[in-house]
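Scroll down for the structure; my scribbles are underneath it.
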């Protein structure tokens with residue numbers, strides 16, 4: 001017959017299979033239809049080579065032309081549908097065997113199936129599943145084939161051939177049913193078989209099969225809209241067999257796999273190599289021997305969370321997987337079956353804050369499951385959760401101008417939304433300001449920091465982020481989110497570190513300087529476009545100035561001023577900047593309540609210091625004496641003012657726009673999937 005896949009194949013692509021298996025694959029992708037009982041299938045299912053350990057470069061060039069041919073020919077042969085049916089039976093056999101072992105006393109579970117199964121060996125089933133994964137992915141990529149059409153097409157075989165095939169299309173008695181991909185029994189049984197593996201805990205024996213099932217579903221969810229619609233529809237309907245438990249069982253199992261952090265059993269497996277490629281570069285020298293003895297990777301956990309993020313972030317209405325995550329109970333407080341210990345989930349998240357897939361998971365947990373956010377506050381673990389989050393945020397916003405990209409912005413959006421979601425809770429903000437960080441922050445390279453509150457650390461990072469955004473990104477969403485977090489943080493600001501208060505005033509000085517320069521450039525610009533650009537910059541800097549002053553106003557409010565002498569000292573130190581604002585040409589800014597308040601506070605404390613200096617014969621006061629008089633003035637100001645309620649009247653809260661979020665995460669996760677599964681040969 002010749003090599004049916006030779007057309008368009010990469011020159012010199014060697015077959016990883018035995019000659020008989022290669023010939024069987026040639027026949028499968030041809031136009032000739034082969035019945036279920038044909039030897040072609042049994043021969044192909046004897047693949048014994050360790051495909052999961054082969055690098056993608058050895059497999060994709062060989063399999064890509066086969067994918068092209070099967071996508072073109074299966075509409076006549078129906079062979080892809082036959083391949084899926086045989087593979088489904090094999091996977092179902094594995095699931096039944098696992099179920100029988102788990103419930104040895106259950107006669108129904110242990111009852112043998114009369115359906116012919118071509119392969120029972122786990123490695124051979126895994127190999128065929130891997131080949132099907134390549135065929136699916138490349139068929140979609142090369143020819144834009146619709147996956148559900150490939151599975152749903154029985155081919156144009158003759159009536160006699162259909163009748164001679166064992167129970168061919170038994171469940172699809174009408175042509176109308178065959179033409180509806182949503183109601184296709186073969187596709188449903190295949191998906192149900194794959195999920196029956198994924199909802200069960202992997203063992204040492206089933207690890208490779210489990211990872212390959214994950215790979216297949218990640219690829220299909222990422223690349224085939226028809227498959228994703230099929231998956232979502234049946235998971236939401238809950239009307240056929242085990243589909244009633246697809247969402248709840250899968251969401252919980254994927255999270256358990258994440259919590260278990262199962263180490264890859266072999267570092268030479270393709271999935272382990274891909275995971276190792278993402279590890280940060282060691283700070284000390286290392287060699288190959290150390291790498292293969294000390295490196296620990298968790299591809300099973302990574303891919304589990306990738307799949308969960310893909311499903312939960314999809315914009316389907318309803319989204320059963322999102323609902324399942326929202327309904328997850330805290331097993332620390334409840335005995336509900338659909339639950340996990342949230343303390344353990346938070347602990348694992350804290351150890352992997354630098355991972356972007358971990359970040360997206362944290363985003364969704366905080367957003368859709370209020371119980372999880374509440375659990376973080378019982379009590380808030382600053383050392384093992386908040387500080388790792390802040391370190392990851394610090395690294396994410398440390399990008400130079402040359403390195404800035406859309407991917408950097410996407411990560412920053414999510415970090416800021418997570419911080420905003422956390423600071424919506426007053427208990428979180430109060431805990432941040434009350435918790436002292438005694439050890440040096442070795443990851444904070446801008447300056448030496450120790451003995452400051454966690455709230456001061458957050459303030460330092462926010463002012464740094466806002467300045468980076470003004471200079472590099474100039475992104476309105478980063479601007480809004482960062483100032484939203486800053487507003488919430490300053491609602492309970494107490495005992496701020498000098499570095500934090502100085503950073504706030506330095507940000508104000510930076511914005512004042514930039515606004516003044518942009519205003520002068522706009523006035524002297526000869527080109528209308530340039531003038532409008534400078535005016536837009538002026539507006540942005542003016543807005544930043546007003547927002548910084550609002551944050552300072554919160555910190556100097558009567559209910560906080562007694563605890564923020566350091567902020568008042570920094571205000572006095574920056575009085576020259578504030579003096580220039582008194583003559584600002586923008587009338588609205590001059591009349592801004594925060595501007596008037598801050599100017600009044602500065603005048604009040606300046607008068608106290610001047611009075612003490614005059615009383616001392618005109619000698620300048622030392623820093624210690626200035627702070628001492630400021631502290632006295634803070635207490636007097638706090639006692640003389642009418643005390644407002646302890647709780648602030650307004651918080652900034654994050655509300656997700658479903659359409660925008662779905663589009664955002666579709667793009668973001670597409671890049672993360674490619675990064676974390678490089679062994680799947682994304683192009």
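In full-length UniProt numbering, the protein residues as written are 1 to 683.
Yeah, the Cβ is synthetic: ideal placement off N, Cα and C, and Gly gets one too.
Because the structure is a prediction, the values reported are computed rather than measured.
In whole angstroms, what separates the C-alpha of residue i from that of residue j?
i	j	result
residue 729	residue 395	Here the chain has residues from 1 to 683 only, and residue 729 is not among them.
residue 483	residue 489	10 Å
residue 516	residue 530	16 Å
residue 58	residue 52	11 Å
residue 15	residue 62	6 Å
residue 459	residue 384	19 Å
residue 571	residue 520	26 Å
residue 468	residue 479	10 Å
residue 434	residue 563	12 Å
residue 274	residue 568	52 Å
residue 551	residue 518	24 Å
residue 32	residue 301	41 Å
residue 640	residue 253	59 Å
residue 199	residue 536	54 Å
residue 96	residue 205	15 Å
residue 216	residue 280	27 Å
residue 658	residue 367	12 Å
residue 331	residue 371	11 Å
residue 87	residue 235	22 Å
residue 108	residue 98	Confidence at residue 108 is low in this model, with a pLDDT of 42, below 50, so its placement is unreliable and the value that follows should be read with caution. Residue 108 and residue 98: Cα-Cα distance of roughly 13 Å.
Where do the ends of the alpha helix (DSSP H) carrying residue i lie?
i	result
residue 319	Taken as a continuous stretch (DSSP letters only), residue 319 belongs to no alpha helix (DSSP H), as it is neither H nor E.
residue 252	246-260
residue 60	56-77
residue 625	623-640
residue 686	Here the chain covers residues 1 to 683 and nothing more, so residue 686 does not appear.
residue 218	207-223
residue 498	498-524
residue 428	426-434
residue 461	454-468
residue 492	Looking at the DSSP string, residue 492 is not in any alpha helix (DSSP H), and its letter there is neither H nor E.
residue 358	356-368
residue 274	270-277
residue 199	Neither: residue 199 is in no alpha helix (DSSP H) and is coded neither H nor E.
residue 610	593-615
residue 687	Residue coverage of the chain in this structure runs from 1 to 683, which leaves residue 687 outside it and unanswerable.
residue 408	406-423
residue 343	342-351
residue 474	Unbroken run through residue 474: none, as it is neither H nor E.
residue 587	587-590
residue 303	299-312
Going by Cα to Cα distance, which pick from the options is closest to residue i?
i	options	result
residue 298	185, 500, 25, 270	270
residue 575	156, 601, 584	601
residue 262	203, 568, 679	203
residue 541	557, 525, 589	589
residue 495	477, 556, 535	556
residue 684	303, 79, 539, 218	Since the first residue shown for the chain is 1 and the last is 683, residue 684 is missing from the structure and cannot be characterised.
residue 534	544, 132, 514	514
residue 577	632, 633, 510	510
residue 327	364, 97, 357, 303	364
residue 232	340, 315, 438	315
residue 636	655, 559, 147, 248	559
residue 667	411, 67, 28, 92	411
residue 655	633, 421, 256, 87	421
residue 54	17, 89, 22, 440	17
residue 260	608, 360, 30, 340	340
residue 94	195, 41, 277, 23	195
Quick one: does the C-beta of residue i sit closer than 7 Å to a heavy atom of the ligand NAD?
i	result
residue 17	For the structure depicted, the ligand NAD is absent and the ligand set is empty, with no information on it obtainable.
**Prompt:** Using 8 Å as the Cβ pair cut-off and three pairs as the minimum, do the stretch 445-461 and the stretch 405-414 touch?
**Reply:** Counting Cβ pairs under 8 Å, fewer than three are found: no touch.
**Asked** Are the stretch 617-636 and the stretch 578-597 touching by the rule of at least three beta carbon pairs closer than 8 Å?
**Response** Using a C-beta cut-off of 8 Å, the stretch 617-636 makes no contact with the stretch 578-597, since fewer than three inter-stretch Cβ pairs fall below that distance.
**Message:** For the pair the stretch 64-82 and the stretch 137-154, tell me if three or more CB-CB distances fall below 8 Å.
**Reply:** Contact between the stretch 64-82 and the stretch 137-154 is present: three or more C-beta pairs spanning the two stretches fall below 8 Å.
**Prompt:** Is there contact between the stretch 322-329 and the stretch 260-277, where contact requires at least three CB pairs shorter than 8 Å?
**Reply:** No: the two stretches stay apart, fewer than three of their Cβ pairs being nearer than 8 Å.
**Prompt:** Quick one: any contact between the stretch 334-351 and the stretch 306-314, if contact means 3 or more CB pairs under 8 Å?
**Reply:** These segments do not touch.
**Message:** Any contact between the stretch 115-125 and the stretch 227-237? By contact I mean 3 or more CB pairs, one from each, below 8 Å.
**Reply:** Contact fails: fewer than three Cβ-Cβ distances are below 8 Å.
**Those runs of the alpha helix (DSSP H) which lie wholly inside the stretch 525-581 and span at least 4 residues** = Counting only runs of 4+ residues, the alpha helix (DSSP H) found wholly inside the stretch 525-581 occupies 528-555, 558-561, 565-573, 575-581, in chain order.
**Asked** Are the stretch 668-679 and the stretch 416-433 in contact at 8 Å, needing three or more beta carbon pairs?
**Response** Counting C-beta pairs closer than 8 Å gives fewer than three between the stretch 668-679 and the stretch 416-433, which falls short of the contact rule.
**Message:** Quick check for students: name the residue ranges of the beta strand (DSSP E) that lie wholly in the stretch 19-58, counting only runs of 3 or more.
**Reply:** Counting whole runs of 3 or more residues, the stretch 19-58 contains no beta strand (DSSP E) stretch at all.
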